[in-house]
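Going by UniProt numbering, the sequence shown opens with residue 1, and the numbers climb by one from there.
Idealized CB from N, CA, C, for every residue including glycine.
Below is one structure, written out as structure tokens; comments come after it.
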Amino acid sequence: MSSTGKFVDANHASMRIDRECLHDATFNESAEEQLEKLTPGGFLHYDYRTPMAKEKRLPDQFHVVQWNIERGIQWDRVKDTFRALKADILILQELDINCRRSGYRNVAKELAKALEMEVYFLCEFEELDSTLRSPKNAVGPLSQPTLHLDSRSGNSGAGGISGQRRGQRHFHGNAILSSVATLSNVTAIPHYVGLDWEKHGVKLREPRCGFRYFMRCCIKSCERENVSMPDLYLYSCHFEIFCGVLGRARQLVDVLRDANALLKESEGMDQQPAFVLGGDLNTVVYGVVRLSKTVANDRMRFLSIGEKESCWLQRKILSRGMQWVDGAEPASQLSNIVSTLRRLYNRVINSDTMYRLLYGFSPEELEAMDNKSLCFYDPSDKVRSVTLDNPDFYGFVKGKLDWTLLSNVRVLPPELPEDIVHRLQESGSITSSSAESLRSGQPVPDGYVLFNEDFSASDHKGLLVHLMQNPGKSTETYPGDTTFRITPVSNVMFLSFLWITLWLVVAVFARSIINRNL
């Protein structure tokens, strides 16, 4: 796929932008030169770590933040929140560069400078200024409300889209920041499925050039306090909201495909690398969202009725091929029958044939949809966890959109110092009840700390997770009981199947009796 935002040919599975020699080449350029050459799929790099920080190494236990910062519009709140958290690694989505809606800041650069961190910014889109853009999505003077244009701003082109002159281009993308460890092997990988923004952007009143990518960085063993620790890979993902549930499922498969390829390099070894995937996966389809043809635009608006998209993604993609452990049941003939029928149902409904018929997955996608070796898991409750609650829809549009998928790492209690808890509570980022729970050492409901609970800094909550990397294999850290905490109505299809089967048995039995008596 080129940087023009066209769909990617699935036959080119190895297509990627490999940046393994960044420190020796591209990123020795000045900030202005980097911006001038930037295109979708390209990187910016800034390093504001102090000399002392560069000498430090990442310990076995570390804190990671995952957060969609909504373009950095609430700049001061975002910056102050990060300063309070003091995390080792930040995995972020929706960072603006030179956009009116975010004060024309280079958000990635200014964050790295304010926090004294190293950052890699991946450009997904070059935003085009246009009179079509609403104030919320304004990137330049043409966006509504239109500002006065002088001779330096250039004339608007077809469709009211302004020309992009030097120093006036607008970018949007994702980033990974590190406080001590140096990031390496930075790679941008295009998704195979997504929205063609060059074609549909004008219809959505958000004209832009580019495509959805996910980025990967590596923290190598030499950057660790324990140099025998395997490599740690970090992903930042922002899945497309306008490509439907199945499109987002395929975008997750893209990441699984890449991670499995890395895992194969350690095949036969006693140690495996660890993976931390942070992302806004936009798992929003549930309830009234099904009525939106722009968001719920595939067959899943009907096939997943009664189930949240986050639960469906867990059941059908992340848990595919994994061993399901039934809970303890009374040793009775009825329970054995129900258990047998459940296993039969799961075997049929989760077969390759049904995945092809129901969801349209190709044989290659089914092969890549493999989490058995990686054992990715998100520690949260997929039903009750809420990371987005849009006030414009009065509580009807909310759910778990933001994920931390972990492989070969263990989740530890947060153990936040009092000064951090106090600053978060004082700023309103966490509620009083959350602060008291942290102070008392009570287990956090989702396995991680949710902050920005009042949504004052972004339209998404942030996730702070305390991790410890495992030096062995990912199967040793997979918490099966946690991973399957999904909605009880996720079994609605099984219950329907069971109910219909019972009625068919009754109908056949009744018919045989009637025929016998006639």
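Beta-carbon spacing of residue i, residue j below 9 Å
i: LYS308; j: LYS372; result: no
i: VAL193; j: LEU464; result: no
i: THR81; j: SER429; result: yes
i: GLU55; j: GLY72; result: no
i: ILE89; j: VAL78; result: no
i: ALA274; j: LEU246; result: no
i: TYR120; j: LEU35; result: no
i: GLU127; j: ARG212; result: no
i: ARG377; j: ALA249; result: The residue you asked about is not Arg; residue 377 is Tyr in the sequence shown. No.
i: SER236; j: MET229; result: no
i: ASP280; j: PHE171; result: no
i: VAL383; j: CYS311; result: yes
i: LEU38; j: GLU118; result: no
i: LEU313; j: SER474; result: no
i: THR404; j: PRO443; result: no
i: GLY210; j: PRO40; result: yes
i: LEU234; j: CYS218; result: yes
i: SER456; j: GLN74; result: yes
i: LEU177; j: ALA112; result: yes
i: TRP67; j: HIS460; result: yes
First through last residue of the beta strand (DSSP E) which encompasses residue i
i: HIS45; result: 43–47
i: residue 519; result: Beyond the ends of the chain as shown, which are 1 and 518, falls residue 519; an answer cannot be given.
i: ILE430; result: Where ILE430 is concerned, there is no enclosing beta strand (DSSP E), given that its DSSP letter is neither H nor E.
i: MET215; result: 213–219
i: LEU464; result: 462–469
i: LEU122; result: 118–127
i: GLU32; result: Run containing GLU32: none in the beta strand (DSSP E); it sits in the alpha helix (DSSP H), 31–37.
i: PHE451; result: 449–451
i: LEU401; result: Note, LEU401: premise wrong, no beta strand (DSSP E); not H, not E.
i: GLU94; result: 89–97
i: HIS170; result: 170–178
i: HIS238; result: 232–238
i: GLY279; result: 274–280
i: residue 524; result: The displayed coordinates of the chain run from 1 to 518. Any statement about residue 524 would go beyond what the structure contains.
Outcome for residue i when other beta-carbon atoms lying within 10 angstroms are tallied against a minimum of 16
i: ALA31; result: exposed
i: TYR286; result: buried
i: VAL180; result: buried
i: PHE393; result: exposed
i: THR387; result: buried
i: ILE337; result: exposed
i: THR294; result: exposed
i: PHE396; result: exposed
i: VAL508; result: exposed
i: LEU357; result: exposed
i: GLN272; result: buried
i: MET369; result: buried
i: HIS200; result: exposed
i: ASN226; result: exposed
i: ARG165; result: Bear in mind that the predicted position of ARG165 carries a pLDDT of just 43, short of 50, making it too unreliable to give a figure here.
i: VAL255; result: buried
i: LEU147; result: exposed
i: ASP402; result: buried
i: PHE302; result: exposed
i: THR477; result: buried
i: residue 530; result: Lying outside 1 to 518, the shown extent of the chain, residue 530 is not represented and no answer is given.
i: SER162; result: Summary for SER162: the model assigns pLDDT 49, below 50, so the residue's position carries little reliability; its value from the coordinates is reported in the next sentence. When all chains shown are included, SER162 counts as buried.
i: GLY447; result: buried
i: GLU329; result: Here the model assigns GLU329 a pLDDT of 41, short of 50, so the residue's position is not dependable and the matter cannot be decided.
i: ARG439; result: exposed
i: ASP352; result: exposed
i: LYS316; result: buried
i: GLY441; result: exposed
i: PRO145; result: exposed
i: LEU504; result: exposed
First and last residue of the uninterrupted alpha helix (DSSP H) at residue i
i: PHE82; result: 75–85
i: GLN251; result: 244–264
i: PRO363; result: 363–368
i: GLU309; result: 309–313
i: PHE302; result: 300–303
i: GLU110; result: 107–115
i: LYS136; result: Run containing LYS136: none; DSSP gives neither H nor E here.
i: GLU198; result: 197–200
8 Å contact criterion, which residue i and residue j should meet: CB distance rounded
i: GLU116; j: ARG49; result: 6 Å
i: LEU467; j: VAL409; result: 5 Å
i: ALA175; j: LEU92; result: 5 Å
i: PHE125; j: GLY173; result: 7 Å
i: ASN350; j: ARG320; result: 7 Å
i: GLY42; j: CYS123; result: 5 Å
i: ARG205; j: ARG101; result: ARG205 to ARG101, Cβ: 14 Å. No contact.
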